[in-house]
Amino acid sequence: MTAVESLGSDNQGFARFIRVGFACTYHYVEGASYFGYAKGTASGVAPRAHVAMYKALWDEGSYTTDIIAAINQAISDGVDVLSISLGLDGVPLNEDPIALVSFAAMEKNIFVSTSAGNEGPFHATLHNGIPWVLTVAAGTLDREFGAVLTLGNGISIAGSSFYLGSSSFSEVPIVFKDECHIMSDLIKIGPKIMVCEGAFDSNDLSDQVENVSSANVTAGVFITNFTDTEGFIGDGFPVVIVSLRDGKTITDYIKNSNSPQASAEFRKTNLGIKPAPRVTSYSSRGPSASCPLVLKPDIMAPGSLILAAWPQSIEVGSNNSQPLFSNFNILSGTSMACPHAAGVAALLRKAHPD
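Going letter by letter, the sequence shown gives residues 1 to 354 in full-length UniProt numbering.
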């Protein structure tokens with residue numbers, strides 16, 4: 001199996017290359033986690049497969065000759081499966097280097113998996129709408145990273161969170177404000193948990209999270225019916241996102257208590273989340289501009305909040321302006337979904353070599 005990816009001369013390019021290749025194939029690693037999130041034994045989809053990696057894109061620019069050369073080299077080396085986590089926008093098939101060289105791979109009986117792109121949920125944003133390759137969309141897992149907020153009356157509320165700082169805090173005053181848009185009001189709150197309501201789309205939620213995280217409060221709790229929240233539960237500030245139903249429980253407690261307070265525990269991993277799997281909002285939708293009469297994408301694979309291998313020397317995040325390092329990272333995108341599908345193809349090829 002081979003992975004053709006963007007590998008720049010900088011560290012981030014190297015890290016991106018590593019995570020895609022190892023989503024396909026890395027061996028069992030016990031005790032894996034990302035600062036306590038996703039604890040367990042990690043494995044690639046096809047842990048006994050051999051992987052070859054080819055550099056195709058560079059920091060100073062991308063060239064069709066490099067893409068063609070990388071894939072042709074993989075074909076020449078006799079790979080069985082190609083994982084290509086890159087794509088071009090709206091290029092006709094006869095001008096698309098991935099389309100041209102993947103056709104040659106197909107003629108050599110090489111299975112080609114490609115990423116659909118991350119420009120969803122908008123219509124006709126799909127990359128790699130090529131009839132002879134597998135075009136892979138990104139889906140969610142039945143897993144959620146979160147926190148547990150325990151109110152002063154003993155009721156516990158589970159919410160989404162991805163905070164990497166202190167794993168808990170206790171008995172902090174909690175206050176409720178409808179929409180958290182006015183900074184002059186927010187900066188007066190002080191060391192308390194700020195509860196906000198009314199964020200019903202991604203832009204509004206993003207604005208409120210940014211406002212609260214800049215207001216020097218202890219933490220922010222956001223009540224919303226917006227379900228694709230992974231872009232808002234960042235690692236540097238304690239954000240907890242809860243549903244409308246759980247939000248009502250919180251606000252009722254605050255309104256009916258003389259001195260409301262709450263405690264929180266972070267770094268929780270919850271399993272069995274429903275509905276799952278579902279297509280992520282960012283996964284590009286068809287049809288493809290290059291081949292609109294072919295139904296694409298072909299399949300959905302895990303691409304959201306994936307525990308991926310990571311070079312330990314490269315920063316994964318920060319907390320209180322201090323860089324954090326890890327052997328693993330949590331990553332999302334169709335570039336993560338594509339190698340999952342390639343790994344399955346490798347297993348099928350091994351089971352059915354004919």
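C-beta: ideal position from N, C-alpha, C; glycine also. Small disclaimer: the values here were computed from a predicted structure and weren't measured.
Proximity to LEU244 [Cα-Cα], best of VAL195, ALA342, GLY231 and ASP96:
For the purposes of this step, residue 244 is taken as residue 244 along the sequence shown, with counting starting at 1. It is VAL195.
Verify whether the separation of the beta carbon atoms of ALA264 and VAL172 is less than 9 Å.
Here residue 264 refers to the residue found at position 264 of the sequence shown. Here residue 172 refers to the residue found at position 172 of the sequence shown. Yes, they are a contact pair.
Same chain, Cβ closer than 6 Å to GLY165, five either side skipped, listed in chain order
Numbered from 1 along the sequence shown, position 165 holds the residue referred to as residue 165. Annotation for GLY165: ASN319 place their beta carbon closer than 6 Å to its own, counting only its chain and skipping 5 residues before and after.
As a quick exercise: from ALA158, LYS177, ARG143 and SER257, pick the residue whose alpha carbon is nearest that of ILE273.
On the sequence shown, residue 273 is found 273 positions in, with the first residue counted as 1. Of the listed residues, the one whose Cα sits closest to ILE273 is ARG143.
Considering only their Cβ atoms, is the gap separating VAL240 from ALA215 smaller than 9 Å?
Counting from one through the sequence shown, the residue named residue 215 turns up at place 215. Counting from one through the sequence shown, the residue named residue 240 turns up at place 240. The answer is no: Cβ separation not under 9 Å.
Which first and last residues belong to the alpha helix (DSSP H) in which VAL217 is found?
Counted from its first residue, the sequence shown places residue 217 at position 217. Taken as a continuous stretch (DSSP letters only), VAL217 belongs to no alpha helix (DSSP H), as it is neither H nor E.
Measure the alpha-carbon distance for ILE189 versus HIS181 and round it to whole angstroms.
Your numbering for residue 189 matches position 189 in the sequence shown. Your numbering for residue 181 matches position 181 in the sequence shown. Rounded to whole angstroms, ILE189 to HIS181 spans 13 Å at the Cα level.
Going by the CB atoms, is the gap between VAL136 and ILE110 shorter than 9 Å?
Mapped onto the sequence shown, residue 110 falls at position 110. Mapped onto the sequence shown, residue 136 falls at position 136. No, the pair does not count as a contact, with Cβ atoms beyond the cut-off.
If we require 4 or more residues per run, which alpha helix (DSSP H) segments fall completely within the stretch 290-340?
none
Closest Cα partner of SER168 within the set ASP185, THR150, ILE155 and MET183
As a working mapping, residue 168 is identified with position 168 in the sequence shown. The shortest Cα separation from SER168 among ASP185, THR150, ILE155 and MET183 belongs to THR150.
Tell me, please, whether the stretch 76-93 touches the stretch 274-294 by the rule of three or more beta-carbon pairs shorter than 8 Å.
yes
Nearest by alpha-carbon distance to ASN128: which of VAL148, GLY87 and ALA341 is it?
Residue 128 sits at position 128 when you count from the first residue of the sequence shown. The residue with the shortest Cα to Cα distance from ASN128 is GLY87.
Alpha carbon to alpha carbon, how far is GLY139 from LYS39?
Within the sequence shown, numbered from 1, the residue matching residue 139 stands at position 139. Within the sequence shown, numbered from 1, the residue matching residue 39 stands at position 39. So the two alpha carbons sit approximately 20 Å from each other.
Measuring alpha carbon to alpha carbon, tell me which residue in HIS340, TYR63 and ILE157 is nearest VAL242.
If you number the sequence shown from 1, residue 242 lands on position 242. Minimum Cα distance to VAL242 is reached at ILE157.
Unbroken beta strand (DSSP E) run spanning LEU151, endpoints:
Walking along the sequence shown from the start, residue 151 turns up at place 151. Taken as a continuous stretch (DSSP letters only), the beta strand (DSSP E) holding LEU151 covers 143-151.
8 Å Cβ shell around SER257 - same chain, five flanking residues per side excluded
Here residue 257 refers to the residue found at position 257 of the sequence shown. Closer than 8 Å at the Cβ level, and outside the excluded window around SER257, lie GLY152 and ASN153.
How about ASN118 and SER284: do their beta carbons lie closer than 9 Å?
Locating residue 118 in the sequence shown gives position 118, where the first residue counts as 1. Locating residue 284 in the sequence shown gives position 284, where the first residue counts as 1. Yes, they are a contact pair.
Report the residue ranges of all alpha helix (DSSP H) runs contained in full by the stretch 165-214; include only those spanning at least 4 residues, in chain order.
183-186 and 202-213
Starting from ALA105 and walking both ways along the alpha helix (DSSP H), at which residues does that stretch end?
In the sequence shown, the residue the question calls residue 105 occupies position 105. Taken as a continuous stretch (DSSP letters only), the alpha helix (DSSP H) holding ALA105 covers 97-107.
Quick one: what's got a C-beta closer than 6 Å to residue 381's C-beta in the same chain, skipping five residues either side?
Examination of residue 381 is not possible in this model, given that the chain is present from 1 through 354 alone.
Go through its chain and collect everything with a Cβ distance to ILE254's Cβ below 8 Å, but skip five positions before and after it.
For the purposes of this step, residue 254 is identified with residue 254 of the sequence shown, where counting begins at 1. The answer, listed in chain order, is ILE174, VAL175, PHE176, VAL195 and PRO260.
When you compare only the Cα positions, how much space is there between ASP89 and TYR63?
Working through the sequence shown from its first residue, we reach residue 89 at position 89. Working through the sequence shown from its first residue, we reach residue 63 at position 63. Linking ASP89 to TYR63 through their CA atoms gives a straight-line distance of about 14 Å.
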